[in-house]
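Take a look at the structure below.
2 protein chains.
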Amino acid sequence: MKDISIEDPSWASASPSLGPAADPAAEQITRAIERDIFRGRLRPGEKLREEELAERFEASRHHVRAALARLAQIGIVVKERNRGALVRRFTADEVQQIYEIREMLQRQATLRIALPAAQETVQRLSTINDGYEEAVRSGDFHRIHETNDRFHTELFGLCGNELLVSLINNYMELTYAIRGAAFADPENLDKSREHHRIMLRLLSGTDSWALAQICVDHIQITKEQYLSTLRESAEAPTLSSRMGP
Amino acid sequence: MKDISIEDPSWASASPSLGPAADPAAEQITRAIERDIFRGRLRPGEKLREEELAERFEASRHHVRAALARLAQIGIVVKERNRGALVRRFTADEVQQIYEIREMLQRQATLRIALPAAQETVQRLSTINDGYEEAVRSGDFHRIHETNDRFHTELFGLCGNELLVSLINNYMELTYAIRGAAFADPENLDKSREHHRIMLRLLSGTDSWALAQICVDHIQITKEQYLSTLRESAEAPTLSSRMGP
DNA sequence: CTTGGCACGATTGTCGACAATTTTGTTGGT
DNA sequence: ACCAACAAAATTGTCGACAATCGTGCCAAG
Chain U
1 MKDISIEDPS WASASPSLGP AADPAAEQIT RAIERDIFRG RLRPGEKLRE
51 EELAERFEAS RHHVRAALAR LAQIGIVVKE RNRGALVRRF TADEVQQIYE
101 IREMLQRQAT LRIALPAAQE TVQRLSTIND GYEEAVRSGD FHRIHETNDR
151 FHTELFGLCG NELLVSLINN YMELTYAIRG AAFADPENLD KSREHHRIML
201 RLLSGTDSWA LAQICVDHIQ ITKEQYLSTL RESAEAPTLS SRMGP
Chain E
1001 MKDISIEDPS WASASPSLGP AADPAAEQIT RAIERDIFRG RLRPGEKLRE
1051 EELAERFEAS RHHVRAALAR LAQIGIVVKE RNRGALVRRF TADEVQQIYE
1101 IREMLQRQAT LRIALPAAQE TVQRLSTIND GYEEAVRSGD FHRIHETNDR
1151 FHTELFGLCG NELLVSLINN YMELTYAIRG AAFADPENLD KSREHHRIML
1201 RLLSGTDSWA LAQICVDHIQ ITKEQYLSTL RESAEAPTLS SRMGP
């Protein structure tokens, strides 16, 4: 396929597995589709035709198939035999369950961070966060996404359990379709930046509970955003239901 | 491939994804390899050649490849590009991290169970556990494995978060290579049965903490077993090092 | 006008063959 | 006897083509 790798965020190494990606081509397609889902170019329920994707990414259909299989295993895509793949549409219940787990994982990881953190550690995270703030100002969707995830990965990385970090990342991946919408709203971005600053401040203190709580609060933004849009579309008649008699 | 499906444990549906297995053939091979790893027929570090597996399971190499890719994503197998797949060999550190997560997940799931549990619920679990006890008596490795996992899946299923249950199952899957050894020792099986009985008793009480603790203690058996065999093999010279001058 | 069946087009699933890469075995030199 | 370069075998990775399946539009019967 065409070499899309503008950057290769190794920190987003998804699976609990390790080493060099087993299949680089499929891996790139997987990431590309994830990005498209995140930015809303691909919307929940949308069909993913293999040949179309193959043409778009200039790859063979086999690699696209592999990528779709992987996305299905992540849970961001749903595959039905002989019927193709769709971008997964999450119900309110599913969102609740997913976020219950995200909250739990992030809380536990945060509580394992030794406070106060070393000054240079805080400095490193501050630098990353500066990149995030700049990305927000520039409005570059892709860079906002990237720097935000990087910030959290580095933060949770302080817990000392790499496997736990990759598990948290897995659930970040799973919520691409859920989180995307929230990142388009400037108000949410403001709240998000404020949260990041508080986290940095708390890292120099000793109140692990407060840090854990702010991390949990942080993800409520995207959760509530998605649930409210879900309620709206439930009240408002959908296109298909308006097509009735 | 040859239809191996003596039984189809849908409760072991691994991934957070849903619906009918996208690729039944690869799925069966995946499970078959998992079983072989669990029972020790395939040992850590052992190479998995695609053609050999294809012949053994009477399937095409493509399906075997898909199965290996999946096992690699689960983390039970390691793939290196152009060099094939090996059964993953876990270091002591990795085992610690994995079990730290297992403990966390199981504790949290258990604490979410409303106590006391309904009498018929306890009854249902008792029935499943009877099957386990009988399997232990019969010595049928495969059935011990199956009934044990089923018992825990049903138990954690009481927490109300299906996604959390499937996550716990994922980590059960990941530890097949670790847990296998422990199940061969009758002494461990005794301890395991005793734990199960205690769990059933606690379900009728109101002490969530005690229930959570016994669930955590329960998995220490397999963890310590693996770590001790790891230490042994570290002290004893390996075959390759004995081959020196 | 509705309904059931049928054939066609579109899409996914599977296979065999071939290319690329690694590993193993051999040979020649020092 | 040891090492390096090379050749052969074994193994994995990729592709194009074909088979199987599903959705749709059409036609005829009720």
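Just so you know, the protein sequences line up as chains U and E, in that order.
Reminder that position 57 of the first sequence reads as 57 in my numbering, one-by-one numbering, no gaps.
Numbers in my numbering are just positions in the second sequence, counted from 1, shifted up by 1000.
Beta carbons: idealized from backbone N, C-alpha and C, even for Gly.
Computed from a predicted structure; not experimentally measured.
Alpha carbon of residue i to alpha carbon of residue j, nearest angstrom
i	j	result
residue 1070/E	residue 1104/E	25 Å
residue 210/U	residue 201/U	11 Å
residue 194/U	residue 59/U	41 Å
residue 1140/E	residue 1127/E	18 Å
residue 208/U	residue 157/U	15 Å
residue 1091/E	residue 162/U	14 Å
residue 165/U	residue 1167/E	15 Å
residue 1218/E	residue 1100/E	13 Å
residue 113/U	residue 61/U	44 Å
residue 189/U	residue 1220/E	44 Å
residue 199/U	residue 1106/E	28 Å
residue 1203/E	residue 1123/E	10 Å
residue 1138/E	residue 1043/E	24 Å
residue 1040/E	residue 1229/E	14 Å
residue 1145/E	residue 1152/E	11 Å
residue 125/U	residue 1206/E	44 Å
residue 1086/E	residue 1036/E	13 Å
residue 232/U	residue 182/U	15 Å
residue 1019/E	residue 130/U	Its pLDDT being 49, under 50, residue 1019/E is placed unreliably in this model, and the value from its coordinates should be taken loosely. Taking the straight line joining both Cα atoms gives about 43 Å.
residue 160/U	residue 149/U	18 Å
residue 84/U	residue 68/U	9 Å
residue 5/U	residue 1080/E	Its pLDDT being 39, under 50, residue 5/U is placed unreliably in this model, and the coordinates cannot settle the point.
residue 26/U	residue 1192/E	42 Å
residue 38/U	residue 142/U	9 Å
residue 88/U	residue 1088/E	31 Å
residue 235/U	residue 1108/E	35 Å
Residues that residue i bridges to, as DSSP identifies them
i	result
residue 230/U	Partner(s): none; residue 230/U has no beta bridge.
residue 87/U	77/U
residue 47/U	86/U
Contact test: residue i Cβ vs the ligand SAH heavy atom, cutoff 7 Å
i	result
residue 1101/E	Inclusion of the ligand SAH in the displayed structure is not the case, the ligand content being empty and no account of it being possible.
Cβ separation of residue i and residue j, assumed to be a contact under 8 Å, to the nearest whole Å
i	j	result
residue 1110/E	residue 1215/E	5 Å
residue 66/U	residue 1022/E	Not a contact, Cβ separation roughly 12 Å.
residue 46/U	residue 76/U	In fact, because the Cβ distance is near 12 Å, the residues do not count as touching under 8 Å.
Residue from the options whose Cα sits closest to the Cα of residue i
i	options	result
residue 1102/E	1230/E, 1231/E, 1234/E, 1213/E	1213/E
residue 1169/E	1184/E, 1085/E, 1231/E, 1074/E	1074/E
residue 28/U	137/U, 40/U, 63/U	63/U
residue 82/U	1036/E, 1076/E, 1024/E, 1132/E	1024/E
residue 133/U	231/U, 196/U, 76/U, 172/U	196/U
residue 1174/E	1078/E, 1026/E, 1046/E, 1047/E	1078/E
residue 1135/E	1084/E, 1206/E, 1171/E, 1184/E	1184/E
residue 1031/E	1080/E, 1172/E, 1235/E	1172/E
Query raised in the report: Can at least three beta-carbon pairs, one atom from the segment 177-196 of chain U and one from the segment 213-228 of chain U, be found at a separation below 8 Å?
Result: yes
Report task. Examine the Cβ distances between the segment 1084-1104 of chain E and the segment 1114-1127 of chain E and report whether three or more of them are shorter than 8 Å. Result -> The segment 1084-1104 of chain E and the segment 1114-1127 of chain E do not touch, with fewer than 3 CB-CB distances between them shorter than 8 Å.
Query raised in the report: Touch check for the segment 1041-1056 of chain E and the segment 35-51 of chain U: three-plus C-beta pairs under 8 Å?
Result: Judged by Cβ distances under 8 Å, the segment 1041-1056 of chain E makes no contact with the segment 35-51 of chain U, as fewer than three pairs qualify.
Query raised in the report: Is the number of C-beta pairs between the segment 72-92 of chain U and the segment 1136-1156 of chain E that are closer than 8 Å three or more?
Result: no
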